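*Asks:*
Number of protein chains: 2
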Amino acid sequence: MQISEVDTAGQVRVDHDELIAFVARIFTGRGLPADRARIAADALVYGDAAGLGSHGLANLNKLYLPLFDDDRVDPAGELAVTSDRGAAAVIDAAGTLGLWTASAVLDNAADRAQRYGVGVCFVRNATHFGCAGYHTREQALRGRIALLSSNCGAQRIARPPGGRYAMLGTNPLSIAAPAGDAAPYVLDMSTTAVPTGKIRQAARRGDPIPSGWLVDESGAPLTDPTALDRGDGFPTWLGGSPETGAYKGYGLALAVEVLSALVSGAALGPAPEAYTGSGGPTGRDDDIGYFAMVIDPGAARGDSAMGPAAAGMFATLRACAPVDPAQPVGYPGLREDEKLRAARSDGVAMDFALWDEVRKVASAEGVEPPTLVSGSNEVGA
Amino acid sequence: MQISEVDTAGQVRVDHDELIAFVARIFTGRGLPADRARIAADALVYGDAAGLGSHGLANLNKLYLPLFDDDRVDPAGELAVTSDRGAAAVIDAAGTLGLWTASAVLDNAADRAQRYGVGVCFVRNATHFGCAGYHTREQALRGRIALLSSNCGAQRIARPPGGRYAMLGTNPLSIAAPAGDAAPYVLDMSTTAVPTGKIRQAARRGDPIPSGWLVDESGAPLTDPTALDRGDGFPTWLGGSPETGAYKGYGLALAVEVLSALVSGAALGPAPEAYTGSGGPTGRDDDIGYFAMVIDPGAARGDSAMGPAAAGMFATLRACAPVDPAQPVGYPGLREDEKLRAARSDGVAMDFALWDEVRKVASAEGVEPPTLVSGSNEVGA
Chain G
23 MQISEVDTAG
33 QVRVDHDELI
43 AFVARIFTGR
53 GLPADRARIA
63 ADALVYGDAA
73 GLGSHGLANL
83 NKLYLPLFDD
93 DRVDPAGELA
103 VTSDRGAAAV
113 IDAAGTLGLW
123 TASAVLDNAA
133 DRAQRYGVGV
143 CFVRNATHFG
153 CAGYHTREQA
163 LRGRIALLSS
173 NCGAQRIARP
183 PGGRYAMLGT
193 NPLSIAAPAG
203 DAAPYVLDMS
213 TTAVPTGKIR
223 QAARRGDPIP
233 SGWLVDESGA
243 PLTDPTALDR
253 GDGFPTWLGG
263 SPETGAYKGY
273 GLALAVEVLS
283 ALVSGAALGP
293 APEAYTGSGG
303 PTGRDDDIGY
313 FAMVIDPGAA
323 RGDSAMGPAA
333 AGMFATLRAC
343 APVDPAQPVG
353 YPGLREDEKL
363 RAARSDGVAM
373 DFALWDEVRK
383 VASAEGVEPP
393 TLVSGSNEVG
403 A
Chain F
23 MQISEVDTAG
33 QVRVDHDELI
43 AFVARIFTGR
53 GLPADRARIA
63 ADALVYGDAA
73 GLGSHGLANL
83 NKLYLPLFDD
93 DRVDPAGELA
103 VTSDRGAAAV
113 IDAAGTLGLW
123 TASAVLDNAA
133 DRAQRYGVGV
143 CFVRNATHFG
153 CAGYHTREQA
163 LRGRIALLSS
173 NCGAQRIARP
183 PGGRYAMLGT
193 NPLSIAAPAG
203 DAAPYVLDMS
213 TTAVPTGKIR
223 QAARRGDPIP
233 SGWLVDESGA
243 PLTDPTALDR
253 GDGFPTWLGG
263 SPETGAYKGY
273 GLALAVEVLS
283 ALVSGAALGP
293 APEAYTGSGG
303 PTGRDDDIGY
313 FAMVIDPGAA
323 RGDSAMGPAA
333 AGMFATLRAC
343 APVDPAQPVG
353 YPGLREDEKL
363 RAARSDGVAM
373 DFALWDEVRK
383 VASAEGVEPP
393 TLVSGSNEVG
403 A
């Protein structure tokens, strides 16, 4: 790569489809069947393409490849339905790669929903699924409503309000629904104020973090992101202080723990081994639990009236007069959809540090790196 | 009533069961069948007994009896299943009293869950259900996991972030799960920072509200609770500012709207008629939609292992060493359960203003008021 390919903002652009094919080649090289590798690659690249970089390619070298190195993932493992009641099933994910597993179990739930109106899979023994919203969005694009949540297995990151030990993960939750021809609604959230990836991203960049993301032992806000991994900064729950809803964020994290891990029998955050350490993050995110629910509106209702109603509802929100005319009203999923379209037509933008990492991974895995798109050096200039 | 029955804090205590019987007599007097009236009364008194006074007896005269006066409720209406796919059903609630309807549709979902592992009811044409957590807790007491959410029909209270018009209700959401012999886990939350009842309660008392509950047109925090009903104070979403998660609270409100109203075909908050008025609250909470889901863990898993796991998980949280030894760690539902036990044994405490209102309602409805418990004058003294 020539330096002229890098723009003044230190960004390059990589063809979207070529980037997916590149990641898929890496995953097939690690033993994933081709159809799984394609979905897993699409899910991972979605993070960068949709502007959710903390869950994108940066995790390839940092999170996913180490799972393969340490035999913590079984690339060709078979999902096993251990209990089947028609609309609901319990599934042992056999340690398969979560970037694929999450889409597979939502597809399984969708088949159930087509028959029963609703379909639910309780999943144990799963691994990290990347952006929850990638997987639910795929269902919304097919006219369905999907809900996906995940605990963090035995990894403990956040403390119950007033507690001294970390007992829960960031416990992400996503729900998506169609919005007619417009971008689907896709809520994708951690139940902490922000996911740890955003705190660590700031730490890598040497940036301070806004007040409200981390607190110290006494509950006072911290702006130093490195406090998280030092074990003396603790993620705050969605809602902030008890007066403004911290117990709701905590309560939602417990909802995710119940739905995703307690029913399926996955590893739980609140387990006695949490009573150790400094109060900072402990444990590993193995044996993760998912809750995957799909609603098939046509099957549930017996008619096709929900589609136009959904289109109307989300169009109404977008048409709401804004307080600031330069800031139109939107809904979760809209901005991500715009970025995704731009990435598909103009390439996925990545900063030089990430691009450098991608090339190193390519070399280490013995796979050709993707080529930069023509004119890439003008990005952001 | 003698003045000696009122304690120095202006509180009286009323026998818990007698209070329920009193409210049930009022509801049967308004045409509710006795079995429905009993459940509706239990649900309403739960608000006061569990320490959630903004959703308790204060709403009898303010919210529920006016629904009867205005023929906005059909006390003996029959729930109609308009679509049935086994695990999922769409139900027309026929304008029945939500305090009863919500429990009835969760029972319906529970029957479905016993057969399919999961059961879901999408409900339209419903009315206000009081404390969502009352209804889900009843399922948790029977070993099930329950989720209940409700939009606010055509009543619009909160504005989308950056929007000029109110387009959504406070859209409450509750989830409950068993915790062995301990108090069930019961999350019961509005998707705004606080429910409007808490803001109006402060307004009635002449108290200021904490920063983070209401904002003005520019987004600056307000501490005057009367701004809400003047139309120049707007409820904030759970999460506070965009940096700390406002889009998550808004996104959760949309999740409730989708699940509760879009699938069932109930009235939607985001409808073109919202583009009117001052930007403050508009519309009426008629044709409310509910989403009611029950998971039967034994049926879904095919074994009874979840019960002990749930007991262990919630016991582990309670055993977490607290930062402040005087403030033990808990979980949503624990404090409400303690208050409920105290109310059942010692009577339901209510301030004199509410007790006075109860006696006036009794007189107007031609029903004997409940008697005060012996020693009531010592409450809080």
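The listed protein sequences derive, respectively, from chains G and F.
According to this note's numbering, the residues represented by the first sequence are 23 to 403, in order.
According to this note's numbering, the residues represented by the second sequence are 23 to 403, in order.
Every residue gets a Cβ at the ideal spot worked out from N, C-alpha and C, and that includes glycine.
Given the structure is predicted, the values throughout are model-derived calculations rather than measurements.
Report the residue from 96/G, 235/G, 281/G and 296/G whose alpha carbon sits nearest the alpha carbon of residue 171/G.
*Replies:* Of the candidates 96/G, 235/G, 281/G and 296/G, the one whose C-alpha sits nearest the C-alpha of residue 171/G is 281/G.
*Asks:* Measure the Cβ-Cβ separation of residue 111/F and residue 99/F and say whether it is below 8 angstroms.
*Replies:* In this structure, residue 99/F does not lie closer than 8 angstroms to residue 111/F by Cβ.
*Asks:* Please compile the residues from chain G whose C-beta is within a distance smaller than 9 angstroms of the C-beta of residue 167/F.
*Replies:* Within chain G, the residues near residue 167/F are 280, 281, 284 and 285.
*Asks:* What first and last residue would you give for the beta strand (DSSP E) that runs through residue 211/F?
*Replies:* Run containing residue 211/F: 207-211, per the beta strand (DSSP E) assignment.
*Asks:* In angstroms with no decimal places, state the Cα-to-Cα distance between residue 25/F and residue 245/F.
*Replies:* With a pLDDT of only 37 at residue 25/F, under 50, the local geometry of the prediction cannot be trusted, and the value read off the model is given with reservation. Distance between the alpha carbons of residue 25/F and residue 245/F: 35 angstroms.
*Asks:* Is the CB-CB distance between residue 95/F and residue 128/F below 8 angstroms?
*Replies:* Not closer than 8 angstroms, so no.
*Asks:* With a threshold of 8 angstroms between beta carbons, is residue 23/G in contact with chain F?
*Replies:* Interpretation of residue 23/G is limited by its pLDDT of 33, a score under 50 that renders its predicted location unreliable; no figure is taken from the coordinates.
*Asks:* Could you name the residues of chain F that residue 105/G contacts, counting a contact when the two beta carbons are closer than 7 angstroms?
*Replies:* In chain order: 322, 323 and 324.
*Asks:* In terms of alpha-carbon separation, which member of 97/G, 274/G, 255/G and 38/G lies closest to residue 365/G?
*Replies:* Of the listed residues, the one whose Cα sits closest to residue 365/G is 38/G.
*Asks:* From which residue to which residue does the beta strand (DSSP E) around residue 2/F run?
*Replies:* A query on residue 2/F cannot be resolved here, the shown segment of chain F reaching from 23 to 403 and no further.
*Asks:* I'd like the span of the beta strand (DSSP E) that includes residue 195/G, first residue to last.
*Replies:* Counting along the chain, the beta strand (DSSP E) containing residue 195/G begins and ends at 195-199.
*Asks:* Rounded to a whole number of angstroms, what is the C-alpha to C-alpha distance between residue 67/F and residue 241/G?
*Replies:* Taking the straight line from one Cα to the other gives about 35 angstroms.
*Asks:* Buried or exposed, going by whether 16 or more other CB atoms sit within 10 Å of the CB of residue 308/F?
*Replies:* Looking at its Cβ environment, which holds 16 or more other Cβ atoms inside 10 Å, residue 308/F is buried.
*Asks:* Going along chain G, which residues have a C-beta under 9 angstroms from residue 220/F?
*Replies:* Neighbours of residue 220/F on chain G: none; closest Cβ ~11 angstroms, over 9 angstroms.
*Asks:* Taking only runs that begin and end inside the region 27-64 of chain F, name each unbroken alpha helix (DSSP H) of 4 or more residues, in chain order.
*Replies:* As far as the region 27-64 of chain F is concerned, its whole alpha helix (DSSP H) runs of at least 4 residues are 38-51.
*Asks:* Is the beta carbon of residue 132/F sitting closer than 8 angstroms to the one on residue 316/F?
*Replies:* Cβ atoms of residue 132/F and residue 316/F: closer than 8 angstroms.
*Asks:* By the three-class DSSP mapping on this structure, what secondary structure does residue 145/G have?
*Replies:* If DSSP states are grouped into helix, strand and coil, residue 145/G belongs with the strands.
*Asks:* Using the Cα positions of residue 82/F and residue 384/F, report the straight-line distance between them to the nearest angstrom.
*Replies:* Each residue's alpha carbon lies about 11 angstroms from the other.
*Asks:* Exposed or buried, residue 295/G, counting other C-beta atoms within 10 Å across all chains shown (16 or more means buried)?
*Replies:* By the neighbour-count rule (16 or more Cβ atoms within 10 Å), residue 295/G is not buried but exposed.
*Asks:* List, from N- to C-terminal side, the alpha helix (DSSP H) runs of 4 residues or more that fit wholly inside the region 85-113 of chain F.
*Replies:* As far as the region 85-113 of chain F is concerned, its whole alpha helix (DSSP H) runs of at least 4 residues are 87-91.
*Asks:* Can you name the residues of chain G whose CB is closer than 8 angstroms to the CB of residue 239/F?
*Replies:* What residue 239/F touches in chain G: 345.
*Asks:* Give the residues from the region 290-307 of chain G that approach chain F closer than 8 angstroms (Cβ to any Cβ), ordered along the chain.
*Replies:* Listed by position along the chain: 290, 292, 293, 294, 296 and 297.
*Asks:* Using a Cβ cut-off of 9 angstroms, which residues of the region 249-266 of chain F contact any Cβ in chain G, in chain order?
*Replies:* Result list: 258, 260, 261, 262, 263, 265 and 266.
*Asks:* Determine the closest residue to residue 161/F out of 198/F, 393/F and 328/F, with distance taken between C-alpha atoms.
*Replies:* Ranking the options by Cα distance to residue 161/F, first place goes to 198/F.
*Asks:* Would you please verify whether the beta carbon of residue 354/F is less than 8 angstroms from any beta carbon of chain G?
*Replies:* For residue 354/F, the answer is yes, since a Cβ of chain G falls inside 8 angstroms of its Cβ.
*Asks:* Of all the residues that make up the region 134-148 of chain F, which are near chain G by a beta-carbon distance shorter than 7 angstroms?
*Replies:* Cβ contacts with chain G: 138, 139, 140, 142 and 144.
*Asks:* Just verifying my parser: in three-state terms, what is the DSSP assignment at residue 214/G?
*Replies:* Residue 214/G: strand per DSSP, three-state reduction.
*Asks:* Considering only the alpha carbon of each residue, which of 243/G, 159/G, 70/G and 45/G lies closest to residue 33/G?
*Replies:* Minimum Cα distance to residue 33/G is reached at 70/G.
*Asks:* Taking residue 342/F as the reference, give the member of 291/G, 187/G and 216/G with the closest Cα.
*Replies:* Per the Cα distances, 187/G.
*Asks:* Tell me whether the beta-carbon of residue 36/F lies closer than 8 angstroms to the beta-carbon of residue 290/F.
*Replies:* In this structure, residue 290/F does not lie closer than 8 angstroms to residue 36/F by Cβ.
*Asks:* Which residues of the region 52-68 of chain F have a Cβ closer than 9 angstroms to any Cβ of chain G? Give them in chain order.
*Replies:* Correct list: empty, as no residue qualifies.
*Asks:* Flag this pair as yes or no: are the beta carbons of residue 145/F and residue 323/G separated by less than 8 angstroms?
*Replies:* No; because the gap between Cβ atoms is not below 8 angstroms, this pair is not in contact.
*Asks:* For residue 103/G, which residues of its own chain have a beta-carbon under 6 angstroms away from its beta-carbon, when the five flanking residues on both sides are left out?
*Replies:* Within the same chain, residue 103/G has close Cβ partners 111 and 113.
*Asks:* Kindly list the residues whose CB is nearer than 6 angstroms to the CB of residue 359/G, restricted to its own chain and excluding five residues on each side of it in sequence; keep chain order.
*Replies:* Same-chain partners within the cutoff: 205.
*Asks:* Use the C-beta contact count for residue 318/F: other C-beta atoms within 10 angstroms, 16 or more gives buried, fewer gives exposed.
*Replies:* Answer is buried; the Cβ neighbour count reaches 16.
*Asks:* Beta-carbon of residue 69/F versus every beta-carbon of chain B: anything under 8 angstroms?
*Replies:* Protein chains in the displayed structure are G and F, and chain B is not among them.
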